[in-house]
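Q: Right, I'll just put the structure down here and ask away after.
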Amino acid sequence: APLILDLVLFMDLAQRVGMSGIQEWLSFYFKSPMHKANLYPEHDLFIQLMKLKNTLRYLMGEEQITHFGLDYYMNGEEG
């Protein structure tokens, strides 16, 4: 039941903000995600979760989560 409740709430949110058609950002909840005809379906759960989170952040007006510009090494040194 919690799964269905999440989907209903997210679909209601999508309708309220004017989103229509296939909601690819909800692929996280489905074994075989639906997608537009010209797009390749994404089956990686981590990418699906990131799309879900980024769509929600976008709808809230927040900055999206990306890994661009992140430095993993400080001053050229590891650690």
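Numbering (the working numbering), first residue to last: 11 to 89.
Every residue, glycine too, gets a C-beta built ideally from N, C-alpha and C.
No experiment lies behind these values; they were computed from the predicted model shown.
(1) Pull up the distance between the alpha-carbon of Ile57 and that of Tyr50, whole angstroms please.
(2) On the DSSP letters alone, give me the boundaries of the alpha helix (DSSP H) that Asp16 sits inside.
(3) If we call anything under 7 Å between Cβ atoms a contact, is Leu69 one with Val18?
(4) Exposed or buried, which one is Ser30 when buried takes at least 16 other CB atoms within 10 Å?
(5) Counting along the chain, where does the alpha helix (DSSP H) carrying Asn64 start and finish?
A: Looking at the atomic coordinates:
(1) Cα to Cα, Ile57 sits roughly 13 Å from Tyr50.
(2) Pro12 to Arg26
(3) Leu69 places its beta carbon 7 Å or farther from that of Val18.
(4) exposed
(5) Leu55 to Met70
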